[in-house]
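*Asks:* For reference, the structure I am asking about is given below.
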Amino acid sequence: MPEIRYYEAVQQALAEEMARDPRVFVLGEDVGLVGGTFRATEGLMAEFGARRVRDTPIAEAGIIGVSMGAAMTGLRPVAELMTLNFGIVAMDQIINHVSKARYMFGGQVNLPMVIRAAAGGGTQKGAQHSHSIESWFVNAPGIRVVLPSTPYDLKGLLKTAIRSEDPVLFIEHEMLYNMKGEVPDEEYLLPFGVADIKRRGRDVTIVAWSRMVHEALRAAEQLSAEGIEAEIVDPRTLDPLDIDTILRSVMRTRRAVVVEEGWRNVGVGAELSSRIHEALFYELEAPVQRVAAADVPTPYASNLEKLALPDAQRIVDAVLKITL
Amino acid sequence: MAITAADQITMYRNMVLVRRFEEGVAEAYADGFIGGFTHLYIGQEAVATGSITALNHDDYAIGTYRVHAHALVRGSSARSLMAELYGRSTGVCKGKGGSMHFFDAQRYFLGGYGIVGGNLPIGVGVALSMQMQNRDAVVMNFFGDGASNQGVFHEALNMAKLWNLPVIFVCENNFYGIGTDVRTSSAFNEIHKKAQGYGIPGHVVNGMDVLAVREMCEELVRYARQGGGPVLLEARCYRYQGHSMTDAGKYRSVAEAELWRKRDPIPRLAKSMLEAGIVDAARLEAIQTEANEIVTDAMQFAEASPRPAPEALYEDLYVEDARA
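Structure below.
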């Protein structure tokens, strides 16, 4: 299988879906002429023209509102917010409008739209450019939330997102854009709500998504050297959530660690931990552990940032706490 | 261009129906049949009537949280709207939207939105969608004086002009954002002139004169449909009631309210039609009787309609069922 980078997987998915369906179009800041801050839309304007690859003003709420109006009336917009940090400016449109419309209008309207945004920290971008805030959106019903960890997952999930009749928030990780991975030449789609087991193991289940999958894999190598085999479950989509696969894994391992790059306080990890406890309390050998970011704005200084964000060592420590 | 006698009668019927509908709503609210927030349109009838009747059936209208009139004039049945207010399954949104969230896809009415200014970029997206699909429909995008101070108002105007979209922004300037006078909230309160900052033509019309509104809107709709780009109309009007059913409107003087009531759009049109010999007094009486009957029937229908079934709680959220 050919290897491509994560950002190239975005390009391929967008180009294939735009070629397949004339209703699909891309809009956002710097998506056209520049080809995207992370090169994710490179080449699209040359191939599909400025009408379907539309540069917009820096007006995030406007971009989302415009996308919603277009999605309501026959088009399939893929809006890029550049980064999810800027998406906070558009929270009203995303939460009050996009995620509410179908339900509050009694099912009269579909919103087949995708909001793509880069997220995450780890490269000293400071407090306002390092958010991992998927929990905010998972908390709100009405919008799907997807967080691919590999080029393969990204391409298959983005194509599914574009074909979905429901609104999708598609969160890419800034540190993964240059990561390479195998992606087949032939077309494929990956379903929402189906977790992927990234590593098999019998002793502990580690649930992780996006960049944290790779930290978990590094942690698993270290643990393996000590005789502990970790199973890594990547839910890939947090809404819908494949809780069954997570529970089945924990049923076997009887121990679980939930890892997220976002803040610990009321994070996705808190929800998953609670769901595991509710379902498997009497099967567990130890309480579910959470590994998450320190509850502070992400600091700039590299040593402090490293302390703030979860990493492989933190995951190893959490596993050892419940396996020794 | 003169407005035909038939059109004048239609507009009169619409205004009388809206007035009577809103009076019925106030009664039903007082009797406990309607909950939550309900914003009445009494006094402003000429604006929705004169503007929306200038649209083709497949043009779009999108509005705010004060939208009972807009849906009625667009052609939604009084029954379906009243049932929505009563929270019944026969409501236009199956009882899930309520007063602020009327939506009628069949009548190209794309909703009422409860966040001030929130609909403005959505309406622009609808217009973008029309342009990209080479459809010649236009969008009438309603907002209040208060919304002209919101960020998305400026984002929406900018994008509409940037892409030369067929949007008619209709500002219903009733001079109060809830209880705050426009002179207290807006540095520059000639709202139609705010359009100039975006190179958009701005017009002002007496919003208590339905013929003037209609004449102006026919011109603006023609302009937008022929590719002229966006336009903005400020219709100066007055709501007789408070902002919502729970607002007594004590921030306004009795003298001011009296002054505006003398400009009431319904007797004004009645007088001019009588003078022109378009109708006689008996015909006007019959129109009033007809409106009374429609609203009485709608209230009986709503009261007799079933509440949504408990199963409806989880319906209409997503199109595509997920695993979890």
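Residue numbers (this note's numbering), protein chains in the order written: chain S, 1113 to 1436; chain H, 3 to 326.
Backbone N, C-alpha and C define an ideal beta-carbon position, used for all residues, glycine too.
1. Residues of chain S with a CB under 9 Å from the CB of asparagine 160 (chain H): which are they?
2. Classify isoleucine 1427 (chain S): buried if its beta carbon has 16 or more other beta carbons within 10 angstroms, exposed otherwise.
3. Starting from the C-beta of alanine 326 (chain H), find all residues in its chain whose C-beta is less than 6 Å away, skip the five residues before and the five after it, and write them out in chain order.
4. Beta-carbon of cysteine 95 (chain H) versus every beta-carbon of chain S: anything under 7 Å?
5. Which two residues bound the contiguous beta strand (DSSP E) that contains histidine 1285 (chain S)?
6. Can you tell me whether leucine 1156 (chain S) is helix, strand or coil according to DSSP?
7. Taking the alpha helix (DSSP H) that alanine 1391 (chain S) falls in, what are its first and last residues?
8. Is histidine 1389 (chain S) buried or exposed, if buried means 16 or more other CB atoms sit within 10 Å of its CB?
9. Could you give the distance in angstroms between the alpha-carbon of isoleucine 5 (chain H) and the alpha-carbon of glycine 113 (chain H)?
10. State the beta-bridge partners of cysteine 173 (chain H) as determined by DSSP.
11. If we ignore side chains and look at the alpha-carbon of each, how far apart do arginine 68 (chain H) and tyrosine 115 (chain H) end up?
12. Does the region 151-168 of chain H come into contact with the region 1213-1226 of chain S, if we say contact requires no fewer than three beta-carbon pairs (one atom in each stretch) closer than 8 Å?
13. Any beta carbon of chain S sitting closer than 7 Å to that of proline 203 (chain H)?
14. Name the one or two DSSP bridge partners that glycine 1293 (chain S) has.
15. Say whether the region 216-229 of chain H touches the region 49-63 of chain H, bearing in mind that this needs 3 or more beta-carbon pairs closer than 8 Å, one atom from each stretch.
16. Find the nearest neighbour of leucine 1266 (chain S) within the set S:Val1362, S:Phe1217, S:Met1113 and S:Ala1121, judged by alpha-carbon distance.
17. Considering only their Cβ atoms, is the gap separating valine 1258 (chain S) from phenylalanine 1282 (chain S) smaller than 7 Å?
18. Could you check the C-alpha separation between valine 18 (chain H) and valine 128 (chain H) for me, to the nearest Å?
19. Is the region 1370-1385 of chain S in contact with the region 1404-1414 of chain S, if contact means three or more CB pairs nearer than 8 Å?
20. Got a sec: is the Cβ-Cβ distance from lysine 98 (chain H) to anything in chain S below 7 Å?
21. Is it true that the region 80-92 of chain H meets the region 301-309 of chain H, where meeting means three or more beta-carbon pairs spaced less than 8 Å apart?
22. Can you tell me whether aspartate 1346 (chain S) is helix, strand or coil according to DSSP?
23. Within its chain, find whatever has a CB closer than 6 Å to the CB of tyrosine 31 (chain H); leave out the 5 residues flanking it on each side and keep chain order.
24. Just reading off the beta strand (DSSP E) that arginine 1402 (chain S) is part of, what are its end residues?
25. In chain H, what lies closer than 9 Å to asparagine 1208 (chain S) by C-beta?
26. Pull up the distance between the alpha-carbon of threonine 1365 (chain S) and that of arginine 1314 (chain S), whole angstroms please.
27. Assuming alanine 1320 (chain S) contacts histidine 1285 (chain S) under a Cβ cut-off of 8 Å, what Cβ separation, rounded to an integer in Å, is found between them?
28. Taking glycine 1437 (chain S) and alanine 1191 (chain S) to be in contact with their CB atoms under 8 Å, please state how far apart those CB atoms are, rounded to whole angstroms.
29. Which term fits serine 1386 (chain S), buried or exposed, when burial requires 16 or more other beta carbons within 10 angstroms of its beta carbon?
30. Among the residues of its own chain, which have a CB less than 7 Å from the CB of leucine 1335 (chain S), if the five just before and after it don't count?
31. Sorted by chain position, which residues of the same chain lie with C-beta nearer than 6 Å to tryptophan 262 (chain H)'s C-beta, five sequence neighbours on each side aside?
32. Any chance the region 154-173 of chain H sits against the region 223-241 of chain H, with 3 or more Cβ pairs inside 8 Å?
33. By the three-class DSSP mapping on this structure, what secondary structure does threonine 51 (chain H) have?
34. Using C-beta distances below 7 Å, list every residue in its chain close to threonine 1149 (chain S), excluding the 5 sequence neighbours before and after it, in chain order.
35. Distance cutoff 7 Å, beta carbons only. Does serine 53 (chain H) sit that close to anything in chain S?
36. Would you call the CB atoms of leucine 1392 (chain S) and valine 1371 (chain S) closer than 7 Å?
*Replies:* The relevant details are as follows:
1. Neighbours of asparagine 160 (chain H) on chain S, chain order: Pro1169, Ala1171 and Gly1174.
2. It is buried - the Cβ of isoleucine 1427 (chain S) has at least 16 other Cβ atoms within 10 Å.
3. With a pLDDT of 40 at alanine 326 (chain H), under the threshold of 50, the modelled position of this residue cannot be trusted; read the value that follows with caution. None.
4. Yes, cysteine 95 (chain H) counts as interfacial toward chain S.
5. In the DSSP assignment, histidine 1285 (chain S) falls within the unbroken beta strand (DSSP E) covering 1280-1285.
6. Helix.
7. Alanine 1391 (chain S): member of the alpha helix (DSSP H) spanning 1380-1392, first to last residue.
8. Histidine 1389 (chain S) is classed as exposed because its beta carbon has fewer than 16 other beta carbons within 10 Å across all chains shown.
9. Each residue's alpha carbon lies about 28 Å from the other.
10. According to DSSP, which records beta bridges pairwise, cysteine 173 (chain H) is partnered with H:Phe145 and H:Glu236.
11. So the alpha carbons of these two residues sit roughly 9 Å apart.
12. Contact fails: fewer than three Cβ-Cβ distances are below 8 Å.
13. Chain S, which has no Cβ nearer than 7 Å to the Cβ of proline 203 (chain H), makes this no.
14. In the DSSP output, where bridge partners are listed per residue, glycine 1293 (chain S) has S:Ile1116.
15. Touching, yes.
16. Nearest C-alpha to leucine 1266 (chain S): S:Ala1121.
17. One thing to note: phenylalanine 1282 (chain S) has its Cβ within 7 Å of the Cβ of valine 1258 (chain S).
18. Approximately 30 Å, taken between the alpha carbons.
19. The region 1370-1385 of chain S, when compared against the region 1404-1414 of chain S, does touch it at the 8 Å Cβ threshold.
20. Yes, lysine 98 (chain H) lies at the interface with chain S (some Cβ there is under 7 Å from its Cβ).
21. Touching, per the Cβ criterion.
22. Strand.
23. Taken in chain order, the residues that qualify are Thr40 and Met247.
24. In the DSSP assignment, arginine 1402 (chain S) falls within the beta strand (DSSP E) that extends over 1401-1405.
25. Here the neighbours are Tyr115, Gly116, Ile117 and Gly120.
26. Straight-line measurement puts the Cα of arginine 1314 (chain S) at about 5 Å from the Cα of threonine 1365 (chain S).
27. A Cβ-Cβ distance of about 12 Å is found for the pair alanine 1320 (chain S) and histidine 1285 (chain S), leaving them out of contact under the 8 Å criterion.
28. There is simply no residue 1437 (chain S) to check, as chain S begins at 1113 and stops at 1436 in what is shown.
29. That one is exposed.
30. Hits under 7 Å: Ala1342, Val1428 and Val1431.
31. Correct list, in chain order: Tyr240.
32. In this structure the region 154-173 of chain H touches the region 223-241 of chain H; the number of beta carbon pairs closer than 8 Å is three or more.
33. Reduced to three states, the DSSP call for threonine 51 (chain H) is helix.
34. Counting only Cβ-Cβ distances below 7 Å, and skipping sequence neighbours, we find Asp1142 and Met1194.
35. No, serine 53 (chain H) does not count as interfacial toward chain S.
36. No, the Cβ-Cβ distance between leucine 1392 (chain S) and valine 1371 (chain S) is not below 7 Å.
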